[in-house]
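Going by our numbering, the first residue of the sequence shown is number 6, and it counts up by one from there. For each residue, glycine too, the CB sits at the ideal point set by N, CA and C.
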Amino acid sequence: MINNVLMYFRHVENSFAKQSCLKPADFKKIAYEMKRIQTEVHKKVVVHRQKVMRNKTDNQVKASQESQFLLAARKRIPELLECLAGAGSHLADHARLTGYLMGYLSIITGHRSVVLTNMTRENVHDCQVWSDGNRVQVMVDDHKTVRSFGQAVFSLEKTEYDWLQQICQGKCCMRAKDCPYVFHTSLGVQIVKPVNLLNIAWQDAGMKGAIDFNKIRSSVATQVRNITLK
6 MINNVLMYFR HVENSFAKQS CLKPADFKKI AYEMKRIQTE VHKKVVVHRQ KVMRNKTDNQ
66 VKASQESQFL LAARKRIPEL LECLAGAGSH LADHARLTGY LMGYLSIITG HRSVVLTNMT
126 RENVHDCQVW SDGNRVQVMV DDHKTVRSFG QAVFSLEKTE YDWLQQICQG KCCMRAKDCP
186 YVFHTSLGVQ IVKPVNLLNI AWQDAGMKGA IDFNKIRSSV ATQVRNITLK
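Given below as structure tokens:
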């Protein structure tokens, strides 16, 4: 905004100095005052950013917490899949399973929750496989930044992909095949509030405090930045 004002007065000085009735000294004074204001604003902006970053860092999920959750997820996801496959649809276990899977995938990829909720069974089926079937790539078309960055990519190990396959095959509930989306409720409806399920799994894993996908994304971004700077 201040830069625009400065450019305006430079334009006036260069093209309409006579019509403006301003002297060269006046233009210099205006430029000086605008730059002084700009410096003051910049100082306040820097201080504000530091405060926001400090608060964000203090509330950030630690890498050790994410590792603990991943270990719990790798243990609980197969258990919950087996339980649901044998006993049929069970609301509480279905919520835990969905929360674990979405939390796990969010931590290993840093993707937004909307990428997870918009992942379809077709996306899973149309995966790319390499390394003798040990590595799988699932790509999601419908998400927030698709126009800028294209498809969201999930690079998975065979075990992780098998979890998604079992969900698509209806191992989690009877209504799974009624929904085109991988992550759904036990009634076969697309997930609307994934953060609730994430917190159910987070607590089931013995983790303290509340969690959300933005905290996970922020933590992942910070860890990547720290690795890059080393």
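Shortest alpha-carbon distance to HIS99 belongs to which of ASN9, CYS177, PHE218 and GLN170?
CYS177
Helix, strand or coil for MET144, going by three-state DSSP, please let me know.
The answer is strand: DSSP assigns MET144 an E or B state.
Within 7 Å, strictly: CB atoms of PHE188 and THR103:
Yes, the pair counts as a contact, with Cβ atoms nearer than the cut-off.
Taking ARG180 and LEU169 to be in contact with their CB atoms under 8 Å, please state how far apart those CB atoms are, rounded to whole angstroms.
At roughly 17 Å, the Cβ-Cβ gap does not stay under 8 Å, so ARG180 and LEU169 are not in contact.
Roughly how many angstroms lie between the CA atoms of LYS34 and LYS40, to the nearest whole one?
10 Å
DSSP three-state call for HIS189: helix, strand or coil?
strand
VAL143 and ASN123 closer than 7 Å at C-beta
no
Quick check: the Cα distance between CYS88 and THR227, rounded to an integer number of angstroms?
36 Å
What residues in its chain sit with their C-beta under 8 Å from that of GLN65, if we drop five residues either side in the sequence?
LYS220, SER223, SER224 and THR227
Compute the Euclidean distance between the alpha carbons of ILE82 and ILE112, then round it to the nearest angstrom.
15 Å
Apart from the five residues just before and just after TYR166, which ones in its own chain have a Cβ nearer than 6 Å to its Cβ?
VAL141
Can you list, in chain order, the residues of its chain with a C-beta nearer than 6 Å to that of ILE172? Leave out the 5 residues immediately preceding and following it.
VAL187
Might you give, ordered along the chain, the residues of its own chain that have their beta carbon closer than 8 Å to the beta carbon of GLN70, omitting 5 neighbours on each side?
MET212
Kindly indicate the opening and closing residues of the beta strand (DSSP E) around VAL134.
133-135
Measure from the alpha carbon of GLY138 to the alpha carbon of each residue in GLU162, ALA97 and TYR105, then state which is nearest.
GLU162
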